[in-house]
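Novice: I'd like to ask you about the structure that follows.
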Amino acid sequence: MACEAYRNRLLEYVDGDLAGEAQAEIEGHLAHCSGCREEVQALRETLALVARMPAPEPPETFWQQYLRELRQQVAPAPRSPRLRDWFTIPFLRPVPALAVGIALVFAVVLARQYSSEGPPLPELASLSATQQLALSQDLDILREMDLLDEIDLLEDWELIQSRTIEGPRKAT
Amino acid sequence: MKEADRALVSRLRQGDQTAFDTLVQQHQKDLFRLAYRMTGNAEDAKDLSQEAFVRAYRGLGTFDGRSRLSTWLYRITVNLCISHLRQRRPSDGEEIPETHADLSAKPLDKLEEREVYRAVGDAVAQLPPQQQAALLLRVHHGLPYREIAEILETAEGTVRVNYFHAVAKLRAQLKGLREDV
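From first to last, the protein sequence lines are chains A and V.
Residue numbering for the first sequence is 26 to 197, as defined by this note's numbering.
Residue numbering for the second sequence is 1431 to 1611, as defined by this note's numbering.
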């Protein structure tokens, strides 16, 4: 086998990753190939240089400070009191949720009732004839725009208009 | 995950402060040295290794326990170092500062040993980050390819290739230094 085929495996050999037959095969080749032996030597020296790369050996005080800083970094930040906290009694925590629920139900019921009845109409008697006429004209415009066709208020308005034109009916 | 790791993680998740101290004390030197060898700067190494512990602590929820705790910590540290190196390294076209990696052409017998290792450090620093990490984790931390692959989140074959190329480059670059030490 040519040297090139062995060269790619010399690093594994130097690292001690080869065993058994593979290792024996490389060693057999190295026994009679000076070029590959030199390569093995070069790889060993290179790895030795890397392995001896120094790193600082900090004193114990460095590590104590290191840990202190880390503790501060992971410590939970002190929580500023929130508005909610002022109104929260720990053993009553379920109560606010219940109160909100009841309030919501109440609001929905009121809203439905209000929307089915519509806003209260002004008392006709309290409006002057001029005001009633102006109101009539405004609603005529809206009617022409087909905006209020479906609104029950219009039915009320027919009554208002007839009263404005005919004058208040006398009670019989 | 080892039983000791499992117990430590469990204590950490319960907010046990002494468990955090234990985690740091068990791994601080390895992470610091790895960060130092990758960045070549002690201050950066301190900051990056500390940041790795903080991220590990805050990310305990994402640790699935399939790898060893040390593997996970190495992974966080390497990722931080690689990110740091990419920010720090000059972009294309920018002048590369002179290093001692080219000293193989000079009369090496007069170099002090300290300068030799500085040259080695510079040569390692010029490797692509993935090659650098593979080399350092293999040579300095004695990790098997399988674990390095887990740390670098890549295939074992890729780690072998990166390691091979790293050694080949250093072998050529440090040719003059090898006989000097």
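All residues carry an ideal CB built from backbone N, CA and C; glycine is no exception.
Since the structure is predicted, the reported quantities are computational estimates derived from the model, not experimental observations.
So with CB distances below 7 Å, who are the chain A contacts of tyrosine 1487 of chain V?
Specialist: By Cβ distance, chain A contributes Val99.
Novice: Could you check which residue in V:Ser1479, V:Leu1567 and V:Gly1495 has the C-alpha nearest to that of leucine 72 of chain A?
Specialist: When only C-alpha atoms are compared, the closest one is V:Leu1567.
Novice: Output the distance between the C-alpha atoms of glutamate 70 of chain A and alanine 102 of chain A, rounded to the nearest integer angstrom.
Specialist: Whole-angstrom Cα-Cα distance: 51 Å.
Novice: In three-state DSSP terms, what is proline 1559 of chain V?
Specialist: Helix at proline 1559 of chain V.
Novice: Which one of V:Ala1475, V:Ala1585 and V:Leu1607 has the shortest CA to CA distance from tryptophan 88 of chain A?
Specialist: Nearest of V:Ala1475, V:Ala1585 and V:Leu1607 to tryptophan 88 of chain A, Cα basis: V:Ala1475.
Novice: Below 8 Å on the Cβ atoms is my guess for isoleucine 1581 of chain V versus threonine 1501 of chain V; work out the distance and round it to an integer in Å.
Specialist: Confirmed, Cβ separation roughly 6 Å.
Novice: Just to confirm the assignment, what range does the alpha helix (DSSP H) spanning arginine 1443 of chain V have?
Specialist: Looking at the DSSP string, the run of the alpha helix (DSSP H) that includes arginine 1443 of chain V is 1433-1443.
Novice: Would isoleucine 51 of chain A be called buried (16 or more neighbouring beta carbons within 10 Å of its own) or exposed?
Specialist: Buried.
Novice: In this structure, does DSSP put phenylalanine 87 of chain A in helix, strand or coil?
Specialist: Helix, per DSSP.
Novice: Given that a residue counts as buried once 16 or more other Cβ atoms are within 10 Å of its Cβ, and exposed if not, what is alanine 44 of chain A?
Specialist: Exposed is the call here.
Novice: Does glutamate 1474 of chain V have its Cβ less than 8 Å from a Cβ in chain A?
Specialist: In the sequence as presented, glutamate is not what sits at residue 1474 of chain V; that position holds aspartate. Not closer than 8 Å to any Cβ of chain A, the Cβ of aspartate 1474 of chain V fails to qualify, so no.
Novice: Does the pairing of the region 1542-1560 of chain V with the region 1433-1453 of chain V give three or more beta-carbon distances under 8 Å?
Specialist: Touching, no.
Novice: Consult DSSP for alanine 80 of chain A and reduce its assignment to one of helix, strand or coil.
Specialist: Here alanine 80 of chain A sits in coil by DSSP.
Novice: With burial defined as no fewer than 16 other Cβ atoms inside 10 Å of the residue's Cβ, what is the status of histidine 54 of chain A: buried or exposed?
Specialist: Burial call: buried.
Novice: How is the alpha helix (DSSP H) around cysteine 1511 of chain V delimited, first residue to last?
Specialist: From DSSP, the alpha helix (DSSP H) with cysteine 1511 of chain V extends over 1499-1518.
Novice: Would you grab the beta carbon distance between valine 1454 of chain V and leucine 92 of chain A for me? Rounded to a whole angstrom, and I think it's under 8 Å.
Specialist: The pair is a contact, with the Cβ atoms about 5 Å apart (cut-off 8 Å).
Novice: Within the 8 Å Cβ cut-off, does tyrosine 1504 of chain V reach chain A?
Specialist: Not an interface residue.
Novice: For valine 1554 of chain V and phenylalanine 1594 of chain V, I'd like the C-alpha separation in whole angstroms.
Specialist: Taking the straight line joining both Cα atoms gives about 13 Å.
Novice: May I have the straight-line CA-CA distance separating isoleucine 1506 of chain V from leucine 74 of chain A, to the nearest angstrom?
Specialist: If I take the Cα positions, the gap works out to 27 Å.
Novice: What residue range is occupied by the uninterrupted alpha helix (DSSP H) comprising threonine 1452 of chain V?
Specialist: Counting along the chain, the alpha helix (DSSP H) containing threonine 1452 of chain V begins and ends at 1447-1469.
Novice: Can you grab the Cα-Cα spacing for the pair leucine 35 of chain A / leucine 68 of chain A, in whole Å?
Specialist: Looking at the two C-alpha atoms, the distance is approximately 8 Å.
Novice: Please list, in chain order, all residues of the same chain as aspartate 1435 of chain V whose beta carbon is under 7 Å from its beta carbon, the five residues on each side excluded.
Specialist: Contacts found: Arg1498 and Leu1499.
Novice: Would valine 75 of chain A pass as an interface residue toward chain V - the criterion being a Cβ-Cβ separation below 8 Å?
Specialist: At least one chain V Cβ lies under 8 Å of valine 75 of chain A.
Novice: Name the residues in the region 79-90 of chain A whose C-beta lies less than 7 Å from a C-beta of chain V; which are they?
Specialist: Flagged, chain order: Pro79, Ala80, Pro81 and Trp88.
Novice: By Cβ distance below 7 Å, which residues in the same chain neighbour lysine 1536 of chain V in space, the five residues on each side in sequence not counted?
Specialist: Caution is warranted here: a pLDDT of 47 is assigned to lysine 1536 of chain V, below 50, making its placement in the model unreliable, and the coordinate value is therefore given only provisionally. None.
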